[in-house]
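A.B. asks: Structure in structure tokens, see below.
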Amino acid sequence: MRLLMGWLLVLAVGCGDSITDTTPASQGDPGAGRSGDEGGTSGPDHGTGTEAPLELEDTGTRGTLGVGHTFVIVQDEDDPDRALPVEVWYPTEATDGALASYLIGEMGGLKLKDDSTFVLAEPPAAEGPWPFVIFSHGYGAIRNQSLQLCEVLASHGFVVVSADHVGNTAADEFNGIAVDFDTAAAQRPADVKTLLDAFLGEEPPADMLKGQINAQEVGITGHSFGGYTALVGVGGLASAGAAGDPRIKAIAPISPGAQAMTEDDWAAVNVPTLFLAGTADTVTPIEPSV
1 MRLLMGWLLV LAVGCGDSIT DTTPASQGDP GAGRSGDEGG TSGPDHGTGT EAPLELEDTG
61 TRGTLGVGHT FVIVQDEDDP DRALPVEVWY PTEATDGALA SYLIGEMGGL KLKDDSTFVL
121 AEPPAAEGPW PFVIFSHGYG AIRNQSLQLC EVLASHGFVV VSADHVGNTA ADEFNGIAVD
181 FDTAAAQRPA DVKTLLDAFL GEEPPADMLK GQINAQEVGI TGHSFGGYTA LVGVGGLASA
241 GAAGDPRIKA IAPISPGAQA MTEDDWAAVN VPTLFLAGTA DTVTPIEPSV
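Residue 265 in this note's numbering is what sits at position 265 of the sequence shown, and the numbering runs on without skipping anything.
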């Protein structure tokens, strides 16, 4: 999956590391054709010559690290009525244990679940600290929409979190309690702040991650309205009075649906950014979305 290679590159550049790309240019892409995972990257060698190069694994496949998973609820400290369900993936050295099971959705008494083929349920975290990435879901979607991406990122040495943007999920739409567009747009940068405050603090909501997150290496990715979330997370949204968060060092928006952003909002995006978009996409086309 070229997205993984691009994401590793953009986060490393955003955090000031020098880079050596060890993936052969002719190597095939096992993940090509999977929805949400297409893309590519190219550009100059950003190495400064003064630091040891960052050796990148073959990011088209699962990494060498084991992956653990847990689930937490994160309270918005600025809104006592808002709490975010959050999936968490992280590197682990554990090799045995129960596999993670994801709750995809509920309809009445019916629960739809998906079991991982390799991610373990709540093992100890591998010794870090590890870079931290937020994944943001699309408009009216679910936190588990891109499980493969989140799992594989963690296997390459990232702590990854994906939250339901409450009020703007598939369940909210189904139950007739979804918020309107302007409200959803304003809540996205607030949710980013909530997640950063929770996980970058001294007492993260997942106990096994205490001391294992590098607060200096932080990025956001997301698809469609989640790509918009990455943009306004770092740049802010003037119409909502939301400032950008300087803790974010790089972003990778995937087909961002950025209709709510003004020219001033775009101008405030000031970190290394990797855009991924499809030329045949008619829902969030490259122009005017990017």
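Just so it is clear, CB atoms sit at the ideal spot from N, CA and C, and this is done for glycine as well.
Pick from F135, M107, S255, G167: whose alpha carbon is nearest that of A280?
C.D. replies: Per the Cα distances, S255.
A.B. asks: Rounded to whole angstroms, how far is the Cβ of F225 from the Cβ of G257, which I believe are closer than 8 Å?
C.D. replies: Indeed they touch by this definition, with Cβ atoms about 5 Å apart.
A.B. asks: Can you check whether the CB of L196 is closer than 8 Å to the CB of D164?
C.D. replies: No; because the gap between Cβ atoms is not below 8 Å, this pair is not in contact.
A.B. asks: When DSSP labels each residue in this structure, what does E173 get in the three-state scheme?
C.D. replies: E173 falls in the helix class under three-state DSSP.
A.B. asks: Since I174 and V133 are thought to touch, with beta carbons under 8 Å apart, how far apart are those beta carbons, to the nearest angstrom?
C.D. replies: It is worth fixing the name first, because residue 174 is Phe in this sequence and not Ile. Not confirmed; about 28 Å, so no contact.
A.B. asks: Just to confirm, are A125 and L200 a CB contact at a threshold of 8 Å?
C.D. replies: Against a cut-off of 8 Å, the Cβ pair of L200 and A125 comes out as no contact.
A.B. asks: Within a Cβ cutoff of 6 Å, which residues of the same chain sit near H137, ignoring the five residues on either side of it in sequence?
C.D. replies: If we look at H137 and ignore the five residues flanking it on each side, its Cβ neighbours are R143, Q145, G226.
A.B. asks: Taking only three categories from DSSP, how would you classify Q212?
C.D. replies: The answer is coil: DSSP assigns Q212 none of H, G, I, E or B.
A.B. asks: Could you tell me which residues DSSP puts in a beta bridge with I251?
C.D. replies: Its beta-bridge partners are I220, T273.
A.B. asks: Among D114, A83, V119, which one has its Cα closest to the Cα of A94?
C.D. replies: When only C-alpha atoms are compared, the closest one is V119.
A.B. asks: Going by CA-CA distance only, name the one from A242, T273, S239 that's closest to A250.
C.D. replies: Among A242, T273, S239, the Cα nearest to that of A250 belongs to T273.
A.B. asks: Which ranges does the alpha helix (DSSP H) cover as unbroken runs of at least 4 residues, wholly within the region 98–153, from first to last along the chain?
C.D. replies: Counting whole runs of 4 or more residues, the region 98–153 contains no alpha helix (DSSP H) stretch at all.
A.B. asks: Can you tell me which of the three DSSP states P288 falls into?
C.D. replies: Reduced to three states, the DSSP call for P288 is helix.
A.B. asks: Count the other C-beta atoms from every protein chain shown that fall within 10 angstroms of the C-beta of I220, then say buried if there are 16 or more, exposed otherwise.
C.D. replies: It is buried - the Cβ of I220 has at least 16 other Cβ atoms within 10 Å.
A.B. asks: Comparing alpha-carbon positions, which option in V74, G109, P205, Q148 lies nearest D115?
C.D. replies: Taking only the C-alpha atoms, the option nearest D115 is Q148.
A.B. asks: Kindly indicate which three-state DSSP category Q75 falls into: helix, strand or coil?
C.D. replies: Correct three-state label for Q75: strand.
A.B. asks: Roughly how many angstroms separate the alpha carbons of A170 and G140, rounded to a whole number?
C.D. replies: Taking the straight line joining both Cα atoms gives about 5 Å.
A.B. asks: Under a Cβ-count criterion, where at least 16 other Cβ atoms within 10 Å of its own Cβ denotes burial, should L84 be classed as buried or exposed?
C.D. replies: Flag for L84 reads buried.
A.B. asks: Select from E127, V218, V166, D79 the residue whose C-alpha is nearest the C-alpha of A178.
C.D. replies: Residue V166 is the option with its Cα nearest to A178.
A.B. asks: Inspect the beta-carbon positions of G63 and H156 and report whether they are closer than 8 Å.
C.D. replies: Yes. Within cutoff.
A.B. asks: Tell me which residues share the same chain as G97 and place their Cβ nearer than 7 Å to its Cβ, disregarding the 5 neighbours each side in the sequence.
C.D. replies: The residues are L120, A121, P123.
A.B. asks: Mind checking V153: buried by the 16 CB within 10 Å criterion, or exposed?
C.D. replies: For clarity, residue 153 is Leu in the given sequence; the question names Val instead. The residue in question, L153, is buried, as its Cβ has 16 or more Cβ neighbours within 10 Å.
A.B. asks: If I measure Cβ to Cβ from P205 and keep anything under 6 Å in the same chain, skipping five residues before and after, which residues do I get?
C.D. replies: Answer for P205: V72, V74, A198, listed in chain order.
A.B. asks: By Cβ distance, which residues of its chain are closer than 7 Å to L103, with the 5 residues on each side in sequence left out?
C.D. replies: The residues are K111, K113.
A.B. asks: What do you get for I213, buried or exposed, if any count of 16 or more other CB atoms within 10 angstroms of its CB means buried?
C.D. replies: That one is buried.
A.B. asks: With a cut-off of 8 Å on the beta carbons, I'd call A242 and P189 a contact; round off their distance for me.
C.D. replies: Right, their Cβ atoms sit about 4 Å apart.
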